[in-house]
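FYI, the numbering for the sequence shown is 37 to 294, going by my numbering. The beta-carbon is built from N, C-alpha and C at its ideal position, and this holds for glycine as well. Here the structure is a predicted model, which means the values were calculated and not measured.
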Amino acid sequence: MTLELFSLAGKTALVTGGSQGIGLMISRGLVQAGAKVFVSSRKANACEAAAAELAEFGDCEALPGDVSTPAGIAALVADLEQHTDKLHIVVNNAGTGWAAPLEDYPDSAWDKVLGLNVKAPFNLTVACLPLLRSAASHADPARVINLGSIEGFRTQQVENYAYATSKAANHHLTRILAQRLAPEQITVNTIAPGPFPSKMMAVEFEQRQDVYEAANPMGRVGQPDDMAGIAIFLASKASSYITGQVIAVDGGFSTAPW
37 MTLELFSLAG KTALVTGGSQ GIGLMISRGL VQAGAKVFVS SRKANACEAA
87 AAELAEFGDC EALPGDVSTP AGIAALVADL EQHTDKLHIV VNNAGTGWAA
137 PLEDYPDSAW DKVLGLNVKA PFNLTVACLP LLRSAASHAD PARVINLGSI
187 EGFRTQQVEN YAYATSKAAN HHLTRILAQR LAPEQITVNT IAPGPFPSKM
237 MAVEFEQRQD VYEAANPMGR VGQPDDMAGI AIFLASKASS YITGQVIAVD
287 GGFSTAPW
């Protein structure tokens, strides 16, 4: 019974930005837990490579797509509908950041970052609603899992103004959608990672990973299993009664002075 609570056998998932970094960690976890996972990203080659890698652990297919525009989202969902008539899990992981000094921070940064980190999760979730509704039940709701960040509820030293603001907005969007979709048996929760190895953190880690490790109460940065574990939990029956939550996965980093 205990293991069955965390099984994703028979479920179908879509993971955006799933070809690298945190998205790949999540995709791998879902595949290993038994889900059929559609890995999506803008670059078809990266998408195909990730799907081939993950196919060693279970059922995974590449589904390239661009979620930065409504047209791209519509095309992605139309493609998905050719493969399945139900979607149990959607992971809104695709995102971006933009760092620049305060007085040089461009207006275009706000458009790009808010567009991909806030508008895209909203638009994709809405576009996937028919598929999510088909999968949802009282016993085991359909799941929307958003990717936020601990930068959405703490101040930071990095001048990444649009990113931190977008993640705070993402967290509140999760609460709003959770309230709206709960009667339809669709849960909405956010994972808020701390420092994890990813493309976005590559330069920071190259320069001062030891600083992040020293500042973390647990003395390390995140590892793939840390991200896979929370994703499996939020996608599984074990979290059926949880919605509207923002869960920090950071080893206590957000509680420490910085």
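- Distance between D176 and K273, taken at the CA atoms: about 6 angstroms.
- Listed in chain order, the alpha helix (DSSP H) elements of length 4 or more contained wholly in the stretch 214-276 are 238-251, 260-271.
- Here A250 is exposed: its Cβ has fewer than 16 other Cβ atoms, across all protein chains shown, within 10 Å.
- L123 and T48 do touch by the CB rule: their CB atoms are close to 6 angstroms apart, below 8 angstroms.
- A straight-line Cα-Cα distance of about 30 angstroms links S170 and S202.
- E84: not part of any beta strand (DSSP E); member of the alpha helix (DSSP H) spanning 80-90, first to last residue.
- Nearest in C-alpha terms to T279, of all of P229, L217, N252, is L217.
- Of the residues assessed, E187 falls on the buried side of the cut-off, its CB having 16 or more other CB atoms within 10 angstroms.
- Distances from the CA of A111 to each of S76, A292, V127 were compared; the closest alpha carbon is that of S76.
- When beta bridges are read from the DSSP output, K72 appears opposite T48.
- Under the criterion of beta carbons closer than 8 angstroms, F93 and V67 qualify as touching, at roughly 5 angstroms.
- Bridge partners of C96 according to DSSP: V73.
- Secondary structure at R169: helix, using DSSP grouped into helix, strand and coil.
- Just so you know, the alpha carbons of T223 and D102 end up roughly 24 angstroms apart.
- Looking at the DSSP output, R179 shares a beta bridge with I125, T223.
- Residues of the same chain with a CB within less than 7 angstroms of the CB of N206, apart from the 5 flanking positions on each side, are N153, V154, P157, N182, G184, G188, T226 in chain order.
- Assignment of A292 by DSSP, reduced to helix, strand and coil, places it in the coil class.
- Counting along the chain, the unbroken alpha helix (DSSP H) around A111 starts and ends at 106-117.
- Cα atoms of Q118 and T191: separation of roughly 43 angstroms, rounded to the nearest angstrom.
- Nearest in C-alpha terms to A178, of all of G53, Q193, A145, Q221, is Q221.
- Excluding the 5 residues flanking it on each side, H174 has same chain C-beta neighbours closer than 7 angstroms at Q221, in chain order.
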